[in-house]
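The structure under discussion appears below in the form of structure tokens.
In the working numbering, the protein residues as written are 1061 to 1630.
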């Protein structure tokens, strides 16, 4: 038996509880401040005794701290990239300007610092952060850069819920990873048999005999989980991706696709000294879902998929050991939660259609891809959709492949309308930013594009199977304000551009605070790059003669700490 085969079997035995050694679940530290210092760094982790694996992390060797924010709080993010590679950090699910969103256009060079500043506009919920560099997202996430964001607001604070972090309110980041024969994390493999929760192998968690809250994140690159508990004990879902539901929903199964989050309550008041297991009942997953017994049909399947012992299997994820209650336990499930109100379909301004399809329509391509959106792969310089600020839109997603795709959109939360014309289940009727679209299924959602407009810096939409995203299953859109300049309300007026309109062959850009202007770019209204310079000065004179004709243009101005966007008329 070679080393790789041993690791595959070892990972499976661990999941099937054949490995005796158990480990206490690691609970990430928290940061709760106005300025968050996040250091992206390389390190090593020991998933198995005596074996070191190269990993990446934030303020540590693996994963990152949980960031706790309050609605209405203005935060400054100081993201220092100590990696030898360029990367980005995306605030997944959060409603921020495109310049602060952390998509592939907002890259962080090695040894550079990215410092977005924004006001937290989101509802109380569980969000997360992870890299989003084009063609490198899967590598950087798989090697360990990810962390939770908890947002609090007054509405949630007035509900009697567990919220003592690490005591009755627990972060649960579920991931699977593939290791090679040298015990290193790899991305080009379907043998993701190393199951981790918060970076912990074969974990257990000591919990109190009362109502507890689990904040679940599927941080895996591809795998979908069908979550439940041993003995089919009932739990209650109280939140989806973008915040609280209207009421606590009793259930025994919860499907969670890559990128999705859910908050659940588990009443263990009468379970002291008992042991329960959070499980994935993957044998129940529908064909076509990654993690089910079968994706394609017959010989048309993902290469090597059937050799993975997790696919189609039921396996334990986390052992819960129930101890004594805390001094002030929550002992009841709240009957009502938050106000959840969708937008009126009669007020819709625009309908959009996205079709997911393989680049080649043969049986093999239908399951292996690569996959496209509306017949095109992602191109950094192509804007696929243009959205008007404050428009309400319905997006229709049609999956014309044999693999289920978790679709994610940046900037906004949406409300699901229906699946194949049928109203979605109650637990999918809350605020969402990820939806799993099954093979040959049509899904519709409604959303509104509020607050932020920027005709130059785009937002992303993509499949959150990170292998598919890296292969180009992604598009981008800009939000434009046709009535005003595209300046972001959070620009803080730190840059002066004059004269504007430009009445000569040159104009000036000046940093009000004296910050160095590291880079500037000029784009026309079609998003084409006209001019790029790296002045490294606080005041710059730009000559435009021969570069532009009469009309409106957009400037992107990068300083040490901010990205500014300005509209200039020539």
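Ideal Cβ placement from N, Cα and C applies to all residues, glycine included.
In this structure, the alpha-carbon of residue 1440 lies about 16 angstroms from that of residue 1584. Two segments are said to touch when three or more pairs of C-beta atoms, one from each, lie closer than 8 angstroms; by this definition the region 1498-1511 does not touch the region 1554-1566. Look at residue 1533 here: in three-state DSSP terms it is coil, with no helix or strand label. Residue 1166 is positioned such that its CB atom lies closer than 8 angstroms to that of residue 1623. Under the three-state reduction of DSSP output, residue 1442 falls in the coil class, being neither helix nor strand.
According to the DSSP assignment, residue 1344 belongs to no alpha helix (DSSP H), since it is labelled neither H nor E. Residue 1272 is classed as buried because its beta carbon has at least 16 other beta carbons within 10 Å across all chains shown. With 16 or more other Cβ atoms from the protein chains shown falling within 10 Å of its own Cβ, residue 1278 counts as buried.
Counted as a single uninterrupted DSSP element, the alpha helix (DSSP H) harbouring residue 1425 occupies residues 1423-1428.
A distance below 8 angstroms between beta-carbons, with the five flanking residues on each side excluded, links residue 1220 to the following residues of its chain, in chain order: 1390, 1392 and 1394. Taken in chain order, the complete beta strand (DSSP E) segments of 3 residues or longer contained in the region 1283-1319 are 1285-1289, 1295-1300, 1303-1311 and 1314-1316. Contact between residue 1280 and residue 1236 holds: CB atoms are separated by about 5 angstroms, below the 8 angstroms threshold.
Shortest Cα-Cα distance from residue 1265 to any of 1595, 1336, 1101 and 1314 involves 1336. Take the alpha-carbon of residue 1172 and the one of residue 1328: they are about 47 angstroms apart. For residue 1514, the number of other beta carbons within 10 angstroms of its own is at least 16, and it is reported as buried. Counting only the Cα atoms, residue 1517 lies some 16 angstroms from residue 1174. Between the region 1490-1500 and the region 1454-1465 there are three or more C-beta pairs closer than 8 angstroms, enough to call the two in contact. Three or more beta-carbon pairs separated by less than 8 angstroms are not found between the region 1174-1187 and the region 1198-1205, which leaves the two stretches without contact. In the structure shown, residue 1244 adopts coil according to DSSP, grouped into three states. Partner residues in the beta bridge of residue 1514, as assigned by DSSP, are 1539. Note that the C-beta distance between residue 1491 and residue 1306 is not below 8 angstroms.
In terms of Cβ geometry, residue 1576 and residue 1619 form a close pair [threshold 8 angstroms]. Here the region 1594-1605 lies against the region 1561-1578, with 3 or more beta-carbon pairs under 8 angstroms apart. Setting aside the 5 residues that flank it on each side, residue 1626 is surrounded in the same chain by 1557 and 1615, each with a C-beta closer than 6 angstroms to its C-beta; the list follows chain order. In this chain, residue 1484 is not harboured by any alpha helix (DSSP H), its DSSP state being neither H nor E. The region 1311-1320 and the region 1253-1268 do not touch, with fewer than three beta-carbon pairs separated by less than 8 angstroms. The Cβ atoms of residue 1215 and residue 1241 lie no closer than 8 angstroms to each other.
Excluding sequence positions up to five before and after residue 1542, its CB lies within less than 7 angstroms of the CB of 1448, all in the same chain and listed in chain order. Shown here, residue 1604 sits in coil according to DSSP, grouped into three states, outside any helix or strand.
The beta-carbon separation of residue 1453 and residue 1504, rounded to 11 angstroms, does not stay under the 8 angstroms limit for a contact. In the displayed model, residue 1594 falls within coil according to three-state DSSP, outside both helix and strand. Taking all protein chains in view, the Cβ of residue 1629 is surrounded by fewer than 16 other Cβ atoms within 10 Å, so the residue is classified as exposed. At least 8 angstroms separates the beta-carbon of residue 1519 from that of residue 1204.
According to the DSSP assignment, residue 1197 belongs to the alpha helix (DSSP H) that extends over 1197-1202.
Judged by beta-carbon spacing, residue 1355 lies beyond the 8 angstroms limit of residue 1364, meaning their Cβ atoms are not closer than that value. Judged by DSSP secondary structure, residue 1134 falls within the beta strand (DSSP E) whose first and last residues are 1134-1141.
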